[in-house]
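These notes are about the structure you will find just below.
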Amino acid sequence: MDETRSSLGPDPDLRAEGAQLSADPEMLEARVDAVATRATVAAQVDAAAAAEQRRQRRYLARALLRSPTFMVGMFILLFWVFMALFSTGITQNPTDVDPAASLQAPSGAHWFGTDDLGRDVFARTMAGARTVLIIAPAATILALLWGGIIGLVAGFWRGLTDEIIMRLVDVLLALPIIITSILVLSLLGKGTAIIIVTIGALFTPVVSRTVRAAVISEREREYVMAARLRGERSAFVMAREILPNITQPIIVEGTVRLGYAVFTAATLSFLGFGLAPPSPDWGLTISTQRVFLQIAPWTVLFPAVALASLVVAVNLITDGLGRVFAK
Amino acid sequence: MSENKYQKDCADDLVEQVRNGRMTRRQMLVRASVLGLSVTAVGSMLAACGGDDGGGGAASPTASATGMEPVLGGTLRVQIPPSITEIDPVTIYDQGGIVLISQFCEYLIDLDDKNGLVPKLAESWEPNEDASVWTFKLRQGVKFNDGSPFEAEDVAATMDRLVAPDSGSAALAALEGILSQGGTEATDASTVTFNLEKPFADFPFMVSASSYNTVMLPRTYEGDWPNNPVGTGPWLLRDYVTKQKASAVKNPDYWGKDAQGRQLPYLDQVDWVMIQDEAAANLQLQSGEIDLQPQTIFQGAQALFSDPNLRVDIYPSSGIRCVSFNMNVEPWKDNKALRQAVAYCLDRDAINTALYDGRSYLGYDTFWEPTVFPGSPDVPETRAQDYDKAKQLLADAGYPDGLEIQLTFSKYLENPQYAQLIKAQCEPAGIKVKLDQMSYDAFYAGDSDVTPWLNAPMTIVEWGSRPTPGVFAQAMLLPTSAWSSSHWKNDEFASTFDEYMSTPEEGARKELATTLSGTQQDDTPVLLAFYITQLRTQKKTVQGVRGPGSFYCDLGQAFMEKA
Amino acid sequence: MLRLIGRRLLLMIPTLILASVLIFALAEVLPGDVGRSILGPYATQEQVDALNTELGADKPLYERYWNWASGWVTGDWGESLLLKQPVFPVVMKGLGNSLLLAGFALAIIVPLSILLGVFAGLRRDSLLDRGITISSLSMTVIPEFVSGVVLLYVFAVALKWLPVTAMPPDGSPFVYRFYYLILPAIPLMFLELGYIARMARAGTVQVMEMPFIRTAVLKGLPRRRIIFGHLLRNAMVPTVTVIGSQIGWLIGGLVVIETLFVYPGIGKLMVDAALTHDIPMLEAAVLIVAIIYMVSNLFADIIVALLNPRIRKGA
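Chains as they are written, first to last, in the working numbering: chain A, 480 to 806; chain B, 273 to 835; chain C, -15 to 299.
Below is the structure:
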């Protein structure tokens, strides 16, 4: 649900600083020195060739494989991806109702018990991964795309453009997220695609802030200066020069957003603005089965644990990535 | 009071029906109450019937309370949902507002636990020859809590206010075509005459507790009820915090006495807590923070059934989740066979089991359901799930390979579950149901020519309990009905219905009802798979809560046993 | 510094104006109208039309906005269209309740998370550090309705240790309210604790690597003095920024907790008002939350500036 947490990454203080800087240009001036010092140091690394980059990538891959947090997160995530793709053939049909067998406790026939309409909770919990694994990544990509473009433009051009964009971002961040979601959802209607767009739109202001902060720390560096002196067009400089150099913060931001996209999709479903039945979506299931918590806790607890495991997995991956990038 | 000739004829006819076994004594009592027959008349009718068939239906929940010595004093804590709008008797339309208002303001006629009519502010009533003019005698000596006397002028002013087009009245649509402005006349201080637009044999129900907005207000009433909580009821509003809580103390000058002549109400105080979320409300009931929940919904009520400290009373009721086929649009337009095909896909027993623990009454797509509305003719056909027949009908309808339909409903109560069951049960016949769930607000939003609940191709609409089939049909099955989601335009049905409503004589009335029921079931404008019984949950020590299981309940004789 | 604060305060004005316009637009695009919300689904169309005309809901949008905005600026927040009550006291009551809950949660979260974060940062990569990091990471992203439902089940239903509601009965002493707020506050703690702890940890780690701390260590200053004299103050910078941004979120994002625990806060008020087109109520609630969000951010920035000599000098 939270929009303002731009800084769950490995180097949160830097990004917190970025957010704070973006709030006020004067504070920014005060900090440019510090950023610039860091930038010059990094600029030397910049001089290294593409071969170095390849080697670095191999090193990153090896480091990730050795990171236990990353691997545990990956394992859980892959489990859910597998279930999303193949659970249909393995489990019972998640939408088969059997009123005569409603709210039955877990047993050999129904490992996780049955819900109020007599549907198999195990099947529904496994199939519940499907919607979330479509919505969350798609929404994240949209947010990265929109936020990336806005952040690049604002950070690169600065001046009045930056000022206007950042004021708009301020407005969106100041509005309570639930109000923003209702606004977007009622503008667009409903359905999976609309939920993706909504969450994408919700995350765009935060992503654009992060990207803008990263761009600001890059734009004064030699290679950008050089490109500008060569007379390259702004769009080219942004896309071909700056973007490749800020991929790491963008990737980290992406995994952070992915975790929150799962969170947000579930919350929207819970509040009745998201997916509709008979979808086995976890958030929706928790919301509709909540009244049975006392008499049939399995209808709620299994999807809750599933949802928790997925968000934790995404966060473990984020943490792993962050640690490796930081080295 | 002596009966007029018309009432006598009807009474004889009722007795005849019971003797022939076509009506139970209980059903006869309900009809007798509509006709305004006096206690002595009813007594002699019962004697004339002889024997006792036991009544039928669920056991009376208040039976356990009768004969128990009431405990005076104490505070009762009641849970209700928060009212959506300002609580004003004229405009309220939701449960939260209605349940609160009906504690402070009273109706001409009350409903008992079986939807029979009980005199309240009116002592008696009688129709003319064709039920187009009704004369009500009012109770004497009743005062509003502002000190002014309750008289016929107040009734006339109240009814005129309710049918005025600019008052925001929530009763206007229901009374339209039956009563209009100026139709209510104060003959003298204690006699009121209703001159109806058309004969309406069920009229007493329209000014009873089943017609929520018809509480009696003084002729001087000008709105702003929360700051001016006027009424004739047993309680005085002391504290009201919007959407959170309300509190009332007993009205020391209340006119009501119990059978032993004791002053009512028994309790000193009632506190209402407003909770929207059912799961949260149930938890509070179980933790003992609440004494009474006037209306409990089935989802999650299983925990209440098994709680040793709580008693869940089950009341017969006629609440429905009405599935309408919009006959203005394809594929339902002029396609009776297709509508019937869907009806034969439903396993009504299984739906009742899944949604209501098997505790509701089954319905067969007609309002004249004898188990729910006493005195109704037998259902033409008890529709059971029959896929062969459904497939045959589909072929007749021009869809031998099945089709895809869309079902629109609000995310409210058990609608989503019902929709999923319909979807699952239609699938085997080749009917694919696409579910279109909306928020409650969106479903009912918009002008009447665009609002989803009246314009979507197929809808589920939740209707609260109505006292007679006629009131339901008047509201949604006539070509002129304001709330017709099916847009059914059957002239034969409409003219028969008018005749039915002007025929208070039971035998002929039943004949007409048979025709109406047959036409409705055959044409299938709406699916009525069940009539929901209502639940009311209270602590085991809470006794004497009266009224049918609807939004309305009477706490005047409620009390709490000493532990 | 003062100039900076003044500038920030001034910038809040266009932000608020834009926000209020957006909210007006929201009520416009939502299906339905206020007349229908007031009269209910069963009213006739003529009745609804008449009421909309009476309320002026059929006037052009800019006219309605102007009428509302000129009233708001002069302190006349209007009446709720549905409840026919002045908006101001209703919103303030909701806000008070939400502030109490959020404040109670933050009063536990902030010291605890800073303690955990600094501790983890000082013993970097120790088992304790990893434990704190991973558990805080996991709790932060579990939606509050998931943890709330589980907590309700365990502590209120099964164990019966805590009440199921968030409001004590009328007439209870004020301190009772905190007892009733324990359960609703825990999901909020889950959400915030790990997050703020991570910020404190990251700040600590970074400061520990800075030359002046190394110098201090080399000078042989006592560890306690290093921590309290230098480290804590510098490590606080990112932490304070985050806390500032979280306060606004906490107040505006409480709707789920309020629903779950039946707590009459501003979040539920806001959502109800949005869905019923009650514009005066919606505007007041949302703008109050927006102002709190911006002011708490501003306060955080001021504290950061005071903590950080470089920024203080720069301004």
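Beta carbons are placed, not taken as given, at the ideal position from N, Cα and C, and that holds for glycine.
Where the alpha helix (DSSP H) through residue i begins and ends
| i | result |
| --- | --- |
| Trp507/B | Segment 507 to 513 is the beta strand (DSSP E) holding Trp507/B; no alpha helix (DSSP H) there. |
| Ile170/C | 160 to 193 |
| Leu780/A | 777 to 805 |
| Asp460/B | Careful: Asp460/B lies outside any alpha helix (DSSP H), inside the beta strand (DSSP E) at 456 to 460. |
| Gln571/B | Premise fails: Gln571/B is in no alpha helix (DSSP H) and is neither H nor E. |
| Gly55/C | 45 to 57 |
| Glu641/B | Looking at the DSSP string, Glu641/B is not in any alpha helix (DSSP H), and its letter there is neither H nor E. |
Which listed residue (the options) has its alpha carbon closest to that of residue i
| i | options | result |
| --- | --- | --- |
| Val75/C | Gln190/C, Phe8/C, Ala269/C, Leu83/C | Ala269/C |
| Pro437/B | Glu47/C, Gln31/C, Val201/C, Glu242/C | Gln31/C |
| Lys529/B | Pro421/B, Thr775/B, Lys392/B, Pro797/B | Lys392/B |
| Trp497/B | Ile364/B, Cys698/B, Lys834/B | Ile364/B |
| Leu307/C | Asp262/C, Gln230/C, Leu290/C, Leu136/C | As shown, chain C starts at -15 and ends at 299. That puts residue 307/C outside it, with no answer to give. |
| Asp285/C | Val226/C, Val255/C, His261/C | Val226/C |
| Leu810/A | Leu309/B, Pro688/B, Val435/B, Pro603/B | Examination of residue 810/A is not possible in this model, given that chain A is present from 480 through 806 alone. |
| Gln541/B | Leu348/B, Asn292/B, Ala830/B | Leu348/B |
| Val694/A | Tyr702/A, Gly630/A, Ser748/A, Gly670/A | Gly630/A |
| Gln612/B | Pro588/B, Asp795/B, Asp281/B | Asp795/B |
Simplified DSSP state of residue i, which is helix, strand or coil
| i | result |
| --- | --- |
| Gly592/A | coil |
| Val705/B | strand |
| Val814/B | strand |
| Asp543/B | strand |
| Val130/C | helix |
| Pro489/A | Model confidence at Pro489/A stands at a pLDDT of 30, short of 50, so the residue's coordinates are unreliable and nothing is read from them. |
| Pro501/B | coil |
| Glu777/B | coil |
| Asp285/B | helix |
| Gln678/B | strand |
| Pro820/B | coil |
| Asp324/B | Low per-residue confidence applies at Asp324/B: pLDDT is 49, beneath 50, and the placement is therefore not dependable, though the value from the model is reported in the following sentence. DSSP places Asp324/B in coil when its eight states are reduced to three. |
| Leu807/B | strand |
| Gln567/B | strand |
| Lys683/B | coil |
N- and C-terminal bounds of the beta strand (DSSP E) containing residue i
| i | result |
| --- | --- |
| Phe472/B | Looking at the DSSP string, Phe472/B is not in any beta strand (DSSP E), and its letter there is neither H nor E. |
| Ile370/B | No beta strand (DSSP E) contains Ile370/B, which is instead part of the alpha helix (DSSP H) from 367 to 376. |
| Val595/B | 582 to 597 |
| Met730/B | 730 to 735 |
| Ile286/C | Note, Ile286/C: premise wrong, no beta strand (DSSP E); alpha helix (DSSP H) at 263 to 291. |
| Lys517/B | 517 to 522 |
| Lys409/B | 405 to 410 |
| Pro(-2)/C | Note, Pro(-2)/C: premise wrong, no beta strand (DSSP E); alpha helix (DSSP H) at -14 to 13. |
| Ile352/B | 347 to 352 |
Cβ pair residue i, residue j closer than 8 Å
| i | j | result |
| --- | --- | --- |
| Ala219/C | Ser97/C | no |
| Ala801/B | Arg620/B | yes |
| Thr574/A | Pro757/A | yes |
| Gly626/A | Val686/A | yes |
| Met887/B | Pro729/B | In the structure as shown, chain B starts at 273 and stops at 835, and residue 887/B therefore has no counterpart that could be examined. |
| Thr654/B | Thr809/B | no |
| Val362/B | Ser480/B | no |
| Val595/B | Ile804/B | no |
| Leu827/B | Val584/B | no |
| Val576/A | Leu693/B | yes |
| Leu85/C | Pro168/C | yes |
Identity of the residues DSSP links to residue i by a beta bridge
| i | result |
| --- | --- |
| Pro70/C | Glu63/C |
| Asp382/B | Val390/B |
| Trp397/B | Phe408/B |
Residue i beta carbon near the ligand SAM (any heavy atom closer than 7 Å)
| i | result |
| --- | --- |
| Glu398/B | As presented, the structure is devoid of all ligands, the ligand SAM included, so that no description of it is given. |
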